[in-house]
Amino acid sequence: AGISSALSQALCRCNRRKRELQSNSEDSSARVLVLQAAGDFDEEYQATMNCVFAAQRLSVPIDSCMLSRDPSTFLQQASDLTGGVHLHLQPTASFQLQPLLQQLLLWFL
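Under this note's numbering, the first residue of the sequence shown is numbered 196, with each subsequent residue one higher.
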């Protein structure tokens with residue numbers, strides 16, 4: 196329920212903001228960025244895809260960044276179907292993900 200519930204909350208906020216801006220005759224555009232450091236959970240596929248279809252209806256691209264050795268089929272599909280960007284960062288000898296993850300947690304949590 197992790198990624199799908201986070202996507203659901205983000206899309207609810209996007210939808211609310213779009214409605215507020217439309218009532219004020221303002222232009223609205225939104226994007227969702229998903230960072231994932233663990234593999235996919237098959238149990239979440241249906242809920243995640245429901246969120247992807249909702250994002251399509253709202254015209255909200257889902258950008259995704261996979262921070263793991265394993266690829267994420269869910270996030271790649273989400274980005275492809277919504278017109279977003281998918282990036283898969285894999286750790287190498289010269290690029291370690293742990294410092295990046297620590298900085299992201301520090302900045303965003």
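Don't be surprised by glycine CBs; every beta carbon is placed ideally from N, CA and C.
{"Check": "First through last residue of the alpha helix (DSSP H) which encompasses Asp258", "Outcome": "First-last for Asp258: Ile257 to Leu262, but that is the beta strand (DSSP E), not the alpha helix (DSSP H)."}
{"Check": "Start and end residues, alpha helix (DSSP H) containing Val247", "Outcome": "Tyr240 to Leu253"}
{"Check": "Other residues of its chain near Ser199: CB distance less than 6 Å, five sequence neighbours each side excluded", "Outcome": "Glu239, Ala242, Thr243 and Cys246"}
{"Check": "Any chain D beta carbon closer than 8 Å to Arg212", "Outcome": "Reference to chain D is not applicable here, since this structure consists of a single protein chain."}
{"Check": "Within 8 Å, strictly: CB atoms of Leu228 and Leu262", "Outcome": "no"}
{"Check": "Simplified DSSP state of Gln285, which is helix, strand or coil", "Outcome": "coil"}
{"Check": "Between the CA atoms of Leu253 and Asp237 - distance to the nearest angstrom", "Outcome": "25 Å"}
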